[in-house]
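Presented below is the structure to which this report refers.
In the numbering used here, the protein residues as written are 10 to 308.
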């Protein structure tokens, strides 16, 4: 099943075929629609909203560029979604009718206060909040493509989400500084998918690549689990660290999401159980080799 999905994803990207993310016909924006933005965070700007800085009335600088990745369009609106930790979502149009690309933006605190009605002072920022920057695209025929739905969910297929060629949205977490980047030894056992199970131990190394704002790309999201099941690795999954509270985010190359439970911190060892929305699971221990211990992480 996984390998078949992998082949379909490759064909979608190479030939821009009309591919759908699921067999039920629920349509999401794919490459055949003909227009996608490329939104990238600017160097020398903030990669997250530093809660400590905001509370100390220090200025922030959220810099990002917007380009047209694919297609011919009439115009593009730059959209912001501010998602509170309680699930409240406020949508704002940050710039309208953009027709020349690339274009760059730098947002400070006052820009956020002006744009979002639920942000009026530093006290309105809270750990776990997110600012998502994306776009609404108007095609030549007048069709409007929303890259992100108004409820904050993705309106595009998994092959777009995992593309290395462009980013259709950027996320700024309200967080504290995080220092989890590095390469760690993993040991994973009790691996299964509902129909297959093994208690064999699979070992190797995994890298957390810092994306800023407490977000890390995980080089293998199943820590050897997919090696046991499918002889491959799970890519596209991210670890989110919000002031030492961690979770998985994003999805793998098949569109599966991940959850973590049974987290235990013991010196230089971090142990947890992981599961995917497809039904795979395993128990993993990550061991630091840099003579330091894991911080006091929680779920």
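Backbone N, C-alpha and C fix where the C-beta goes; we use that ideal spot for every residue, glycine too. This structure is a prediction, so every number in the text was calculated from the model and none was measured.
Can the beta-carbon of residue 108 be found less than 8 Å from the beta-carbon of residue 86?
-> One-based indexing of the chain shown puts residue 108 at position 99. One-based indexing of the chain shown puts residue 86 at position 77. Not a contact, by the Cβ cut-off of 8 Å.
Residue range of the unbroken beta strand (DSSP E) whose run includes residue 168 | As a first step, residue 168 is located in the chain shown; it is residue number 159 there, counting from the start. It is not in any beta strand (DSSP E) - residue 168 instead sits in the alpha helix (DSSP H) that spans 167 to 170.
Beta carbon of residue 44, beta carbon of residue 79: below 8 Å?
-> As a working note, residue 44 is residue 35 in the chain shown. As a working note, residue 79 is residue 70 in the chain shown. In contact: residue 44 and residue 79 (Cβ atoms closer than 8 Å).
By Cβ distance, which residues of its chain are closer than 7 Å to residue 31, with the 5 residues on each side in sequence left out?
-> For the purposes of this step, residue 31 is taken as the residue at position 22 of the chain shown. With a pLDDT of 39 at residue 31, under the threshold of 50, the modelled position of that residue is not reliable, and no figure is offered here.
Continuous alpha helix (DSSP H) assignments of at least 4 residues falling wholly in the region 33 to 116 | 60 to 64
State the Cα-Cα distance for the pair residue 192 and residue 56, rounded to the nearest angstrom.
-> What you label residue 192 is simply residue 183 of the chain shown in a count that begins at 1. What you label residue 56 is simply residue 47 of the chain shown in a count that begins at 1. Roughly 21 Å separates the two Cα atoms.
Could you give the DSSP three-state label for residue 216: helix, strand or coil?
-> Stepping through the chain shown from its first residue, residue 216 is reached at position 207. It is a strand residue.
Following the continuous beta strand (DSSP E) through residue 201, name the residue where it begins and the one where it ends.
-> In the chain shown, residue 201 corresponds to position 192, counting from 1. Counting along the chain, the unbroken beta strand (DSSP E) around residue 201 starts and ends at 191 to 201.
Assuming residue 198 contacts residue 208 (C-beta within less than 8 Å), just tell me the rounded distance between them.
-> For the purposes of this step, residue 198 is identified with residue 189 of the chain shown, where counting begins at 1. For the purposes of this step, residue 208 is identified with residue 199 of the chain shown, where counting begins at 1. That belief holds up - the Cβ atoms of residue 198 and residue 208 are roughly 6 Å apart, short of 8 Å.
Candidates 308, 230, 275, 254: which alpha carbon is nearest residue 286's?
-> The residue given as residue 286 occupies position 277 in the chain shown. Cα-wise, what sits closest to residue 286 is 230.
Residue from 115, 259, 52 with nearest C-alpha to residue 162 | For the purposes of this step, residue 162 is identified with residue 153 of the chain shown, where counting begins at 1. Of the candidates 115, 259, 52, 259 places its Cα closest to the Cα of residue 162.
Residue 206 classed as buried or exposed, judged by whether at least 16 other C-beta atoms fall within 10 angstroms = Against the chain shown, residue 206 aligns to sequence position 197. Exposed: under 16 other Cβ atoms inside 10 Å.
Count the other CB atoms, across all protein chains shown, that sit within 10 Å of the CB of residue 166; report buried if there are 16 or more and exposed otherwise.
-> Reading the chain shown from its first residue, position 157 is the one you call residue 166. Residue 166 comes out buried.
In chain order, each beta strand (DSSP E) run of at least 3 residues that lies wholly inside the region 238 to 273 = 247 to 251, 254 to 258
Where do the N-terminal and C-terminal ends of the beta strand (DSSP E) with residue 305 fall, by residue?
-> Working through the chain shown from its first residue, we reach residue 305 at position 296. Premise fails: residue 305 is in no beta strand (DSSP E) and is neither H nor E.
Separation of residue 271 from residue 5, as counted between CA atoms = Because residue 5 is not part of the residues shown, which for the chain are 10 to 308, the question remains open.
Using a threshold of 8 Å, state whether the C-beta atoms of residue 143 and residue 48 are closer than that.
-> Looking up residue 143 in the chain shown gives position 134. Looking up residue 48 in the chain shown gives position 39. In contact: residue 143 and residue 48 (Cβ atoms closer than 8 Å).
Enumerate in chain order the residues of its own chain whose CB-to-CB distance from residue 292 is below 6 Å, with the five nearest sequence positions on each side excluded.
-> As a position in the chain shown, residue 292 is number 283, starting the count at 1. Closer than 6 Å at Cβ, skipping near neighbours: 198, 199, 282.
What first and last residue would you give for the beta strand (DSSP E) that runs through residue 122?
-> Working through the chain shown from its first residue, we reach residue 122 at position 113. Note, residue 122: premise wrong, no beta strand (DSSP E); alpha helix (DSSP H) at 118 to 124.
How would you write the range of the beta strand (DSSP E) that residue 131 sits in, first residue to last?
-> Taking the chain shown and counting its residues from 1, the one referred to as residue 131 is at position 122. From DSSP, residue 131 is part of no beta strand (DSSP E); its letter is neither H nor E.
Range covered by the beta strand (DSSP E) that runs through residue 184 | As a position in the chain shown, residue 184 is number 175, starting the count at 1. Run containing residue 184: 179 to 184, per the beta strand (DSSP E) assignment.
When DSSP labels each residue in this structure, what does residue 294 get in the three-state scheme?
-> The residue labelled residue 294 in the question sits at position 285 within the chain shown. Reduced to three states, the DSSP call for residue 294 is strand.
Are the beta-carbon atoms of residue 116 and residue 91 separated by less than 8 Å?
-> Here residue 116 corresponds to residue number 107 of the chain shown, with the count starting at 1. Here residue 91 corresponds to residue number 82 of the chain shown, with the count starting at 1. No, Cβ-Cβ distance for residue 116 and residue 91 is not below 8 Å.
Which residues share a DSSP beta bridge with residue 143?
-> In the chain shown, the residue the question calls residue 143 occupies position 134. DSSP, once it has assigned bridges, lists 88 as partnering residue 143.
Is it buried or exposed for residue 289, if we count other Cβ within 10 angstroms and need 16 for buried?
-> Here residue 289 corresponds to residue number 280 of the chain shown, with the count starting at 1. With 16 or more Cβ atoms within 10 Å of its Cβ, residue 289 is classed as buried.
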